[in-house]
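**Q** Chains as they are written, first to last, in our numbering: chain A, 7 to 165; chain B, 29 to 201. Quick one: the structure is below, questions incoming.
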Amino acid sequence: MDFSIRAANLDDCKDIARMIMVSGHVRAHLETDGFSKNPFFHGIIAEVPEQHRTREGHTKIGYALYFYSYSSWKGRSIYMEDLYVMPEFRGKGVGKALMSKVAQLALAAGCHQLNFTVLDWNKPSMDFYLSQGCFDVTSSLGYHCMRCEGEALEHLAQL
Amino acid sequence: MNFKIRRAAKEDCKDISRMIMELAVYEKMPDQVKISHEELERDGFCQNPFFECLVAEVPEEHKSNEGFTIIGYALYFYTYSTWKGRAVYVEDLYVMPEFRGNGIGTGLLSKAAEIGKKKQCVRLQLSVLNWNTPSRDFYAGKGAQDLTVTEGWHTIRFDGQNLDKLANEAPKD
Numbered sequence: 007m008d009f010s011i012r013a014a015n016l017d018d019c020k021d022i023a024r025m026i027m028v029s030g031h032v033r034a035h036l037e038t039d040g041f042s043k044n045p046f047f048h049g050i051i052a053e054v055p056e057q058h059r060t061r062e063g064h065t066k067i068g069y070a071l072y073f074y075s076y077s078s079w080k081g082r083s084i085y086m087e088d089l090y091v092m093p094e095f096r097g098k099g100v101g102k103a104l105m106s107k108v109a110q111l112a113l114a115a116g117c118h119q120l121n122f123t124v125l126d127w128n129k130p131s132m133d134f135y136l137s138q139g140c141f142d143v144t145s146s147l148g149y150h151c152m153r154c155e156g157e158a159l160e161h162l163a164q165l
Numbered sequence: 029m030n031f032k033i034r035r036a037a038k039e040d041c042k043d044i045s046r047m048i049m050e051l052a053v054y055e056k057m058p059d060q061v062k063i064s065h066e067e068l069e070r071d072g073f074c075q076n077p078f079f080e081c082l083v084a085e086v087p088e089e090h091k092s093n094e095g096f097t098i099i100g101y102a103l104y105f106y107t108y109s110t111w112k113g114r115a116v117y118v119e120d121l122y123v124m125p126e127f128r129g130n131g132i133g134t135g136l137l138s139k140a141a142e143i144g145k146k147k148q149c150v151r152l153q154l155s156v157l158n159w160n161t162p163s164r165d166f167y168a169g170k171g172a173q174d175l176t177v178t179e180g181w182h183t184i185r186f187d188g189q190n191l192d193k194l195a196n197e198a199p200k201d
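So, in structure tokens, the structure goes:
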């Protein structure tokens, strides 16, 4: 199947929001946070030609969102926040192409790591990623992901 | 104990680099540190910095046994959740052992949270090693949830040759 990968622009936010919503979550302020002077993230889009558009008429059928991060041991890194392909377009290499593009952008920016998170029960995703050559930092090194939000964060910020 | 928390300046990078190594020794992975103060200076103090840093400083009369007055740091950067928006990720939080128990760690973490809040961040995130009980207790005491335990999140990484290989497979423009 013919598809292309390109950088996301402001006009893609509606489609990115649509694809985020399909996964069942309320979206954040994509336009202001991703397309202003100091963006909090960057995006890439997977697009198919008109003849392969979905029943609803969409040609933007996958995306990846990433941002630059830092390892005090290894230096510049990239974090891939989202990787998504619409179900009817899976199994055709689109997810792999999006992820590879993020890896390519990482190297171009002088990054030494590409990090992301996966739920341990999500076997299809975990198997896919491990087959591509990554390793599970949590299982092999013992790092746990911690989060402070809501009242706990408010309280912490006021100490 | 009298201490001050302030934004790191480029000149602090040698001290930050020293403490990064001390933290890596504590985490039992000193051979994993590949960057020096030069990368910190380049990446933290450029036009679009990859991170921000806070340092904890004590007056001369409280300097460490080796003579250091910069005795703690927090290195953090901004991240994004497509579900919830802006967040802060604290990559490192460290206080030299002889200065612990004086509220300096709390001071550094709180300052990072306050800075994040001013930028409309709604989350503060970090990683902690499963065997590091003092740190796990410290963060739990601040109201942090362990998402690996409660929701099953794992951090996955591509690096070295595996990252190169993945990048080589990207579609040509």
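The beta-carbon is built from N, C-alpha and C at its ideal position, and this holds for glycine as well.
(1) Would the beta-carbon of residue 103 of chain A fall within 9 Å of that of residue 198 of chain B?
(2) Counting along the chain, where does the alpha helix (DSSP H) carrying residue 135 of chain B start and finish?
(3) Note down the Cα distance separating residue 93 of chain B from residue 128 of chain B, rounded to an integer number of angstroms.
(4) Cα separation between residue 177 of chain B and residue 160 of chain B?
(5) Residue 34 of chain B bridges to which residues according to DSSP?
(6) Please return the same chain residues whose Cβ sits closer than 8 Å to the Cβ of residue 51 of chain A, not counting the five positions on each side in sequence.
(7) Please list, in chain order, the chain A residues whose beta carbon lies closer than 8 Å to that of residue 120 of chain B.
(8) Identify every residue that forms a DSSP beta bridge with residue 75 of chain A.
(9) Could you tell me the boundaries of the alpha helix (DSSP H) in which residue 41 of chain B lies?
(10) Between the Cα of residue 48 of chain A and the Cα atoms of A:59, A:84, A:24, A:26, which residue gives the shortest distance?
(11) Tell me whether the beta-carbon of residue 132 of chain A lies closer than 9 Å to the beta-carbon of residue 124 of chain A.
(12) Using C-beta distances below 8 Å, list every residue in its chain close to residue 78 of chain B, excluding the 5 sequence neighbours before and after it, in chain order.
(13) Please classify residue 155 of chain A: does DSSP put it in a helix, a strand, or coil?
(14) With 9 Å set as the bound, which would you pick, yes or no: does the beta-carbon of residue 185 of chain B sit closer than that to a beta-carbon of chain A?
(15) Note down, in chain order, every chain A residue with its Cβ under 8 Å from the Cβ of residue 174 of chain B.
(16) Comparing C-alpha positions only, which one of A:71, A:78, A:54, A:116 sits nearest to residue 64 of chain A?
(17) Kindly give me the distance between the Cβ atoms of residue 136 of chain B and residue 82 of chain B, rounded to whole angstroms, as I take these residues to be in contact under 8 Å.
**A** Let me spell this out:
(1) yes
(2) 132 to 146
(3) 14 Å
(4) 15 Å
(5) B:83
(6) 11, 12, 13, 14, 18, 21, 22, 66, 68, 69
(7) 78
(8) A:83
(9) 41 to 54
(10) A:84
(11) yes
(12) 71, 72, 105
(13) strand
(14) yes
(15) 150, 151, 152
(16) A:54
(17) 6 Å
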